[in-house]
Structure formats: C-alpha cells, structure tokens
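Q: Sharing a structure, written as structure tokens. Questions coming.
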Amino acid sequence: MKFKLITASLATFLALTISAKDYHYKSVAGDPMQTRIYTLDNGLKVYLSVNKEKPRLQTYIAVRTGSRNDPAETTGLAHYLEHLMFKGTKLYGTSDALAEAPLLDEIEQRYEDYRRLKDPVSRKNAYHEIDSVSQIAAKYNIPNEYDKIMRSIGAEGTNAYTSNDVTCYVNDIPANEIESWAKVESDRFRNMVIRGFHTELEAVYEEFNIGLANDSRKMWEAMFKKLFPTHPYGTQSTIGTQEHLKNPSITNIKNYFNRYYVPNNIAICMAGDIDPDKVMAIIDKYFGDWQRSSTLSRPEYAPVADLVAPTDTTVIGQEAEHLMIGWKTPNAASYDTDTLRVIADILSNGKAGLFDVDLNQPMRVQSASAFSEGLHDYGMFVLYAVPTQGQSLEEAKGLVLAEMEKLRKGQFDEKLLRAVVNNLKLDYYKSLQSNSDRADKFVKAFINECKWEDEVRALDRISNMTKRQIVDYANRHLRDNYVVAYKKKGVDNSVKKIDKPAITPIPTNNDMQSDFLKDIVNAKVAPIEPRFVDFSKDLSKRDVDAKTVLLYKKNDSDGLFNLEFDIPVGRENDSRLHMASALLDYAGTAKMSANDIKKAFYDLACNFNVSVRPNHTRLSLSGLNENMPAALKLFTNLLEHATISKADYDKVVGLVLKSRQDSKQSQGGTYMALISYGVYGKTSPYLNSMTEEQLKASDGNELLLALRNARHLNPMTIMYYGPTDEKTLLSLVKKDYPRRHVKATQPLNTVRYTAQPTPKNEVLLAHYDAKNIYMVQYNNANRVWNMDNAPLVSMFNEYFSGGMNAIVFQELREARGLAYSASARYNAPYRLGDKEYFNTFIITQSDKMMDCIGEFNNLLNQIPQNQAGFELAKQSLLKSLATNRHTRFNTLNYYMTMRELGLNYDIDQKIYDKIPSITLDDIVNFAKERIANKPYKYLIVGDEKNLDTKSLEKIAPIRRVSEKEIFGF
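For the sequence shown, this note's numbering gives the first residue as 6, with consecutive numbering after it.
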C-alpha cells in the first residue's frame, strides 16, 4: 500500500471531550496515536495509546519534579529519592512494619545529627552507630521486594531516571497484569518507606564515581553553569555534590516526597495492548482516592539574563578533546522548539546538512553535529565538534560557527528545508512502532506542560515553515549570545576520592516474603498464550538462484520498508571489509559526488548502511517504500561503482587513526579493548584490524572493490519487510543488483575470533587513572554449546542475576553497597562452533575491589538456595516468554539468528516448554558443575596506586598489559 503521511491539516484538531463509562477524556482529531488524556478528580493525569502489536504495554509514572527542585543544601536529593522508591512500603519490603518503624525513625535522626558533625573522628563514630542501628532494622527488611513483585508479574525493564525537571518510573508489563501493577504502584507512590538507606547511599556514591571519569558529564555541567548561572539548571547537578552526598538528610527527602509526589503533580503514561475503558476503571480503583495536594508549589526564580557576548568555560580530563557551543532558548512548550528542531537538521542530519556537506564529508573536522533540547523552564541549542588530528579547538570552533553564519545568511537550498520536513515525518512515524517511544512523548508533554494539541500539530507547523522564517529566527536568537565549553586534555585535580565507609553487610532475608507479595504472586489472571515464531508461516522463503535466498514478510501496517542483503563473510574473512564500509561514506561515483549521493538519499527520505560483523556483512536500506525503487537503484549504483580519490582516502585514514587514539583515552574504551584481548587473546578483533602501515599502504579503491566483490563471490540472503509484493521486489533486485562474475582479490588478516579457555587463574590489569575500576571475571571451560541446555541456562541466569531481586544484585549492591552496577551471566555463543562461557561484571570504587572479588567468589562457589526466589524467577521467565513477540523486520532477523545456531525453529518454544520441569536442585548442580571453584581470568581497568595489589597477587601474578598489547596500536 502507498505510504500516507497523516498530518494535522487533515482534521480540525479541535480537542474533543468524550464520555466513556463516566471517564472523560480529551483527544485530538487526526492524532496518529489516538491518544486519550484523562484527568481524575484528584488531578492525576493519565495518557493512553493503544497498540495491539504485542500483548504488553509500556508504563511510565512521571513526577513533575527533578533536580531543579532539590534543596540547595542537599543537592542530588531527587535522584536519591528515585533510588529509595524501590525500597517498599509498610505493606511490602518488610516483615514487620510496626517493629521496624522506631528503628527507621532513629536512623533518620542519627543522620540529621551526623550531617552537622565536622570532626572526622566524631563522624566516624556516629557513622558506626548508624551502621549498628541499621543492622537491627535490617532484620525486618526484605530487600528489593518491589522488584520481586514486578518480576512475578512478568515486568521487564524495571527502572527509573531523574533529570532536571522529571523523575520517572519505568515498567514494561504483560497486558493481563495491569491490575496487579496498579495495586503495587498506588501503594508505592502514597506510602513509600525509607529503609536500607546507608547501603543505597553507597550505590549513589558509586554512580557518582562513574561520572568522575566521564568528561562529557563534566562538560554538560560546565555548559549549564554558564547558560543558567542563576537557575538550578546551572547551580546544581542531578547527581549532587560530593559534599552533599556525604551528608544526606532523610528528613529533607521525606519533605520533598510529601511536597511533590502528589496526584496533581503526576501522570501515568501507557502505550500498548490495552482497553482504555478497562484500564481507567483499574486506575480509578487504585489511584482515585489518593488525596490531591492543595498546597502544591515549586520554587520560582527570576528570569535568567540573556547573554550579550560570547563566553567560555573549560573542562580538563583524560578523554579526547572536543567542544560544545550552546545558546539559551525558550522552554519546551514554546513554538520555538519547532524552529530549533528544523535548524538543527538543516545544520546536521547525517547526510545533507551544512555540517555534513561542508565539514564532515570533506573531513575538515573529525565530526560535527547540532541538536536542540527543551526543558520545562528553558531550552538550549547546541553545536558539537571534535577536531581532527593536529587541529585546535579554536579552529574547530571557527568552522562550525562559520556554518552557523551561512545559515543566518540563508546560504542553503529551499529544497533542503523540504527534505528536513519529510525526514522528520519519517522519524515520527517510525517512532510509533515503539510503545516506549509513544509513552515517552506523553512524559515529555506532561513534564514540560505542552498542550497535546500542539504536540500533534507540530509536524503541520513545521511543514508550513519558510526559509525566510528560519533565517530570521537565527538572526534574532542565535547570534553572539553563546557559551563555548572546551574539553581539554589534562589532569583534573578537582576530583576527590570518597573513602570506603565501614559498612556491615545487611542480611538479604531471601527466605522472607510479605503477605502483599504472596497476594500478587497468587493473583489469578487470564493467561496470555505464547506465540512463537513459525518460520514456515510467519515469513516466506524462496530460492532466487543457486546462491541467493529471499526472506519476505509483508508490511500491512504502514508505508515503511526495510531491505537488507546479508553476505556470510565479514571481518574475520577479510579485515579490509570494515575499512571499506567506512570509505563508502566518503565515496562517490563517476556521475555523483559523495555529497550528491547523500543529498539524494535524504531527499528520498531513505537511509543506507553497511555493517561489517565478524562473519557477516549487511547492506541495509530503509525508509519510505514509495521511494524504495529509486533508493535501491541509488544504493546499488554506489555499491557497484564507488570510487574515492587518493587525497580523500588519506583523510579517511587520518580520521580512523585519530578515532583509535581517542578510544584509548576513555575508561570505557580501555575496558572494551581489555575484554576483547582477555577473551580472544591474539585473535582479538582489535589486534586483527588493518594496521596503520596497512592502511597507509592500501589503495582505497581496492578496498571498495573487496566490498563490492563480497556480494558477487558469496551466497546472499535478501531480507525484505515492506508493502511491495514479492514478485515486484524480486524484479527490482534482479534489475538493479544482479550477480556478476568477478575475480577474487587476496584477503587481509584472515582469522576466526576464538575465545580462549581459562585453565588457570590469571590477572590482567590495564592502567587508567580513575577512582573506580571496571572488572570482569571470565571463565571458559572450552565447552561446546548444546541446545538441550538452553532452558537450564536461561533459568540459571534469571535466578542468579536476572534483575534487582536476583542474587548478584542483592548481595553485591543491596546488602553491602559495593557497587552501582553488578551482574553475572552464563553465555551461549551466537554461532555454531564457538564455546559457552561465564562472566561477572562490576564497576566499583577502587578500594572495594577485593571486597567485590571475595563476595563474587563466595556466590560462585556456593550459590545461595532460596526456593521462593527460584519460583519467582521461574514465573517471571515464563511470563516474559509468553508475552514476547517477534514482529515486523525482527521476524526475519530472528530467523537469521536461529540459522546461525543451526536451528530451523524458535528456540524460545523449547525453553518455555522445559522450564516448568526445572528444579532448584538443577540450578544448584548446574552452578557446581559450570562456575563453582573454577579458574577465572580477572580483567581489571583502573589505577594501580589505588588498588590492593598484594591481595590481588594472591589470586595470581598480576600481568600489567600495555595499550599496545590490548589495542594493537
């Protein structure tokens, strides 16, 4: 079917008030999401959108408050409260709320006394007393019972986030569990109890520590300080200050909760498989008697003065140099947001923007981009640039500002504006395929107090914009009133270490369950029957020729398409292919330059991509199906006739080499290289990429030829999801992308990435100057994957480390406050021939390293046994599998995934059928056989001077690996 863009001009966009079972809602005619917006008598907002694709729904509970409203003396409070909202209420999270209450009150008062102390000895003694009382209170605590409840109903993605204006609580739940969800959340948002305070505070410390090595976070804080110097956006950060984190106030947190967590300041946002009338009856039942606040208010601030001249700020750190240029703009509810979105895409859209054509494509900078961000009180428009090797930050700044000047002078084609509009429409309609994207639109509208009519009407407003309006706006608002934030290389002496506190581990009480949890677990709901993929029915397969197969699935939902060509050769077969895919971004043809090609794709509202994986290469095309024939012809012409000049090839090599050096400068980049080296040894992908010498000695056109020939010399699977019928599609492909006879060229660096066994304990340490460490324990027993074990592996992973209620999180974070992030997983390979392996992962403060190792090893060597926890894990896994659906193009991708494992059926069905018969003894025996008392390779990224190396050496001699060893360059 032909794709039709539904715009606001098709309807009057008069807000309608409709009665449905006495629940009144507002809607907007022509809204593609058919949104219903309800307001209960207590002020609670409810946004609903129906999407029946899967028997699940995304739920967000959005509170219109964030770090903007933190008390100035206890910054970070909104974020910390977000953490504490997972600790339960009087009904769950405790075995005896009455006995626990006076102890929690005492802890609260002791913290108020503690935060006033200045003497280190007095503070240490006071903290010891807090720890002692916390031990007594912990006897009644049932840690993470909220997550246990959510897992029992089959929830996924249970989480929350806090920003300047919002605190939002997230769950993706089965469509038959809405009532249980509402029962839990209504109690949680009215009756939150603060318990497990001191161990959770340590988790927040750890989150803070992660940010200390993140220069981008520091850049944002610096930019906000300059743009909003008299407003909380600029005067305080969401994570809070180190000083305030060390001196928390439970009293202030309670006051904050009571002030802002009220129904007339909250919205429930849902998208998915719902019946709106039934959902509203449930929400009213559980949330309707929640008392609104008659005194709801928030701090208000004098308007932030506009800048009248450029100003700058500098951040120092280890990561690669870059810069941001920011303008203060009106808030998200303003119509200015529309104009700023368009300006951002005129400058930078990845293909045809001014930055793309004038800076990125000719490689005058490493990269440049533009974007806008709207907040409740203000917004900002930002330019971002990374300099090339040898280029100064000032030079990069001058280049992006010169492009801004072009925009202000109107030096861009009107055709670009129309293409921007079409691509924004494409992105919008693609987003409607996602329940989370739909619900996120509701959250933003509610938090920023945007009228839903305005949100629906946005594409129409943008469609009617003229070039003159864009130019005039830029000249009025985006001139020399900006802030430049420079990120420079150096040592940040402001970073201070937080000492590890003396915390006595609290009991996890895994043998305890509240009556509330039992009621939820035993609640009877209409079951959702699983629907597994039937590869003989849910897609069609046909042989096109002796070496080509077509996988086809019809799209009857919209006018979008995905067309991919999968070739079973990749970086392992020829390391040139990865570099060739990068060259394609800068290559042209005899008749079209690289810029011409990208502009043509952008005009068609279509995208192309070449992805080179270890053993596959994917050529991908997507966008508006009505333009698919033209896009396919353009894409295949580029693939078959791509050429690049020697000068441009040398520039690309320069970008690649600079990018490699930049990756060494981040802790995350060093971690990834160490893991690859630790797992694959000499066959690591890092060590088998083209070397600098090989890159400089190569001919760019020879590399493009290797990519071109990969299609002609190898089998190929065509994968299509879209409205075009099978016959027409094949006709187009045969005409525009026929197989040709070509001569093979000599491959480079052929190697299979082979995971190495771990016959003995080893310790590999890669240096990075940070206050925390990234650490993995890795075991590979050289065990061949067996599909028959897949159900047991899935059940083990769910029980041992499946979420916040699982063993690893409970013991490492909840009981001991050792980490912000901790996990473990038994891994199956993604293809036949590779081996199974097990790993742990943790990010923790450097002086907690040996505590983490000790506790992990205790868990690995003797897995805790808890029958109730096991049954919850089983219930969670069964519900997740029953409600999982592979739809759209993912059906084809899933077929390819199964084929890679040598399977012609959906493995989830085998897992689902087997799980009911798995016992806790099976899990314990599996752990004894596979992970207990095994040799491990310890892979650590951190600063050795902050580590207990003497204790570490008792595990195995420390092998200090250099950047050259792990990166290969």
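Glycine residues also receive a C-beta, built at the ideal position from the N, C-alpha and C atoms.
Among all the DSSP beta bridges, which residues are the ones paired with Gln63?
A: Asp177 and Ala276
Q: Where do the N-terminal and C-terminal ends of the alpha helix (DSSP H) with Leu421 fall, by residue?
A: Glu419 to Ser436
Q: Quick one: what's got a C-beta closer than 8 angstroms to Leu122's C-beta in the same chain, skipping five residues either side?
A: Arg128 and Ala131
Q: Can you give me the C-alpha to C-alpha distance between Leu708 and Ser799, rounded to a whole angstrom?
A: 42 angstroms
Q: If you reduce the DSSP assignment to three classes, tell me which class Ala829 lands in.
A: strand
Q: Going by DSSP, which residues form a beta bridge with Ala165?
A: Tyr174
Q: Taking buried to mean at least 16 other C-beta atoms within 10 Å of its own C-beta, is Ile141 buried or exposed?
A: exposed
Q: What residue range does the beta strand (DSSP E) around Leu328 cover?
A: His327 to Thr334
Q: Determine the burial state of Val747: buried for a count of at least 16 other Cβ atoms within 10 Å of its Cβ, exposed for fewer.
A: exposed
Q: Do Tyr487 and Trp332 have their CB atoms nearer than 8 angstroms?
A: With contacts defined as CB atoms closer than 8 angstroms, Tyr487 and Trp332 qualify as a contacting pair.
Q: Under a three-way DSSP split, which group does Pro962 fall into?
A: coil
Q: Would Met470 count as contacting chain D if we go by Cβ distances under 8 angstroms?
A: The structure shown contains no chain D; it holds only a single protein chain.
Q: Taking Ser72 as part of the beta strand (DSSP E), name the residues at either end of that continuous run.
A: In the DSSP assignment, Ser72 falls outside any beta strand (DSSP E) and carries neither an H nor an E.
Q: Is there contact between the segment 204-216 and the segment 812-824, where contact requires at least three CB pairs shorter than 8 angstroms?
A: Touching, yes.
Q: Can you tell me whether Gln114 is buried or exposed, with buried defined as 16 or more other CB within 10 angstroms of its CB?
A: Classification of Gln114: exposed, given that the 10 Å Cβ count is below 16.
Q: Ser580 and Asn866 - do their beta-carbons sit closer together than 8 angstroms?
A: no
Q: Could you tell me whether the Cβ atoms of Leu582 and Val617 are closer together than 8 angstroms?
A: yes
Q: Quick check on the DSSP output: the beta strand (DSSP E) that includes Gly628 runs from which residue to which?
A: Thr622 to Leu629
Q: Where does the unbroken beta strand (DSSP E) through Asn1 begin, and where does it stop?
A: An answer regarding residue 1 cannot be provided, because it is not within the stretch 6 to 974 covered by the chain.
Q: So which of Tyr433, Ala349 and Leu250 has the shortest CA-CA distance to Ala479?
A: Ala349
Q: For Ala678, which of Ala375, Ser967, Ala337 and Leu589 has the nearest alpha-carbon?
A: Ser967
Q: Just to confirm the assignment, what range does the beta strand (DSSP E) spanning Ser372 have?
A: Ser372 to Gly379
Q: In whole angstroms, what separates the C-alpha of Lys95 from that of Tyr65?
A: 23 angstroms
Q: Tyr340: buried (16+ other C-beta within 10 angstroms of its C-beta) or exposed?
A: It is exposed - the Cβ of Tyr340 has fewer than 16 other Cβ atoms within 10 Å.
Q: Write down every uninterrupted run of the beta strand (DSSP E) in the segment 778-849 whose length is 3 residues or greater and which is fully enclosed by it, in chain order.
A: 826-832
Q: Closest by CA to Asn630, which one among Tyr726, Gly379 and Lys604?
A: Tyr726
Q: According to DSSP, is Asp590 part of a helix, a strand, or is it coil?
A: coil
Q: Looking at the structure shown, is Thr471 part of a helix, part of a strand, or coil, going by DSSP?
A: If DSSP states are grouped into helix, strand and coil, Thr471 belongs with coil.
Q: Got a sec, what are the start and stop residues for the alpha helix (DSSP H) Met224 sits in?
A: In this chain, the alpha helix (DSSP H) harbouring Met224 covers Asp220 to Leu232.
Q: In chain order, what residues of the same chain lie with their CB nearer than 6 angstroms to the CB of Ser242, ignoring the 5 residues before and after it?
A: Taken in chain order, the residues that qualify are Glu226.
Q: Just reading off the beta strand (DSSP E) that Asp571 is part of, what are its end residues?
A: Leu565 to Ile572
Q: Met385 by DSSP, collapsed to three states: which one?
A: strand
Q: I need the DSSP call for Arg576, collapsed to helix, strand or coil.
A: If DSSP states are grouped into helix, strand and coil, Arg576 belongs with coil.
Q: Between which two residues does the alpha helix (DSSP H) containing Ala102 stretch?
A: First-last of the alpha helix (DSSP H) with Ala102: Ala102 to Tyr119.
Q: Quick one: which unbroken alpha helix (DSSP H) runs of 4-plus residues sit fully inside the segment 496-556? Chain order, please.
A: 520-527
Q: Among the residues of its own chain, which have a CB less than 7 angstroms from the CB of Ala463, if the five just before and after it don't count?
A: Asp343
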